[in-house]
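A.B. asks:
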Amino acid sequence: MPRPKPRSPRRRGRPPPAAAPPPPPARPRVRRYRPGQRALREIRRYQSSTALLLRRQLFTRG
1 MPRPKPRSPR
11 RRGRPPPAAA
21 PPPPPARPRV
31 RRYRPGQRAL
41 REIRRYQSST
51 ALLLRRQLFT
61 RG
């Protein structure tokens, strides 16, 4: 005679779980950079460009 298969214990006498309210919509996660990382990127950006950050007139004598 074959052995009976093991069964999981049944839950008896408990009411079915109530429907949980839907979770709030997930916000996109805010990207956090290491300290100084954004500053280094900004330095590289301005060093590679030829745009003047200060007006040329400030450097002339007059």
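Take the sequence shown: its position 60, counted from the start at 1, is 60 in UniProt numbering, and no numbers get skipped.
The beta-carbon is built from N, C-alpha and C at its ideal position, and this holds for glycine as well.
Look at the Cβ atom of Tyr-46, then the Cβ atom of Leu-53, and state whether they are nearer than 8 Å.
C.D. replies: yes
A.B. asks: Can you give the Cα-Cα distance for Leu-40 and Arg-34, rounded to whole angstroms?
C.D. replies: 11 Å
A.B. asks: How many angstroms separate the CA atom of Pro-23 from the CA atom of Pro-4?
C.D. replies: 42 Å
A.B. asks: What span of residues does the alpha helix (DSSP H) with Tyr-46 cover, start to end?
C.D. replies: Where Tyr-46 is concerned, the enclosing alpha helix (DSSP H) stretches over 37–48.
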